[in-house]
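Residue numbers (the working numbering): 2 to 224.
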């Protein structure tokens, strides 16, 4: 019972860590969004100031050139140059507004994906709890954190008849949408076919069953 309780607590702790990591990512993305919005507002404020300065300069030039009779051509050139600058500033402001809008959409999309992944993980944890208990108690399965932050190692025992505690393990990378095997001890031939099946089915417990069967077959073939 103590071992079962410890394993249950370990699994709950890992699920909590994954949820906390998702919350941290959401907070980071929210902070990035706030920072980017503040930068966008500051740039827009500077652009408005530049436009006002240009307009004031334009007025000063017009007044000075009007005071100087016979310099109409110079006046036209200066005004044209200022108008070009004003158009460039306006175009820059419009482009910045479009960039801010795209960033808002991207942040919203990523936050929605993070929320959906969290929901799926919570639902899957609740759904698979009985099956996980069976694997841990009857089939000697332990799930531990891998060497990298975004990986899990599935350790199987109760396979070898002479050495029931002998570990057979496989480590899976969870950092991308598609799973990837980092290590497998002992090595399973054509393990990639099982990974392809996992990525298509998204059935992690089906994958665990397939891998354990491979380890069992390998053990009895070598016995």
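Heads up, the beta-carbon is just placed ideally off N, CA and C, and yes, glycines get one too.
Reduced DSSP secondary structure (H/G/I, E/B, other) of residue i
i, result
"residue 172", "strand"
"residue 166", "coil"
"residue 24", "helix"
"residue 149", "coil"
"residue 13", "helix"
"residue 158", "coil"
"residue 144", "strand"
"residue 178", "coil"
"residue 2", "coil"
"residue 189", "coil"
Nearest neighbour of residue i, chosen from the options [CA to CA]
i, options, result
"residue 156", "5, 212, 96, 85", "212"
"residue 87", "62, 48, 110", "48"
"residue 65", "192, 221, 79", "79"
"residue 217", "186, 194, 202, 204", "186"
"residue 139", "202, 160, 18", "160"
"residue 105", "165, 89, 32", "32"
"residue 62", "83, 46, 44", "83"
Residue range of the alpha helix (DSSP H) that includes residue i
i, result
"residue 211", "205-223"
"residue 193", "192-202"
Enclosing beta strand (DSSP E) for residue i [first to last residue]
i, result
"residue 186", "181-186"
Proximity of residue i and residue j at Cβ, strictly below 8 Å
i, j, result
"residue 137", "residue 8", "yes"
"residue 209", "residue 142", "yes"
"residue 178", "residue 151", "no"
"residue 30", "residue 113", "no"
"residue 51", "residue 90", "yes"
"residue 94", "residue 45", "yes"
Cutoff 8 Å: residue i Cβ touching any chain B Cβ
i, result
"residue 28", "Looking for chain B here will not work: only one protein chain is present."
Would the region 167-182 and the region 31-39 be scored as touching if the rule is three or more Cβ pairs under 8 Å? no
If you pair each beta-carbon of the region 88-103 with each one of the region 57-65, do three or more pairs fall below 8 Å? no
Do three or more CB pairs link the region 138-147 to the region 187-194 at distances below 8 Å? Remark: fewer than three beta-carbon pairs, one from each stretch, lie closer than 8 Å, so the region 138-147 and the region 187-194 are not flagged as touching.
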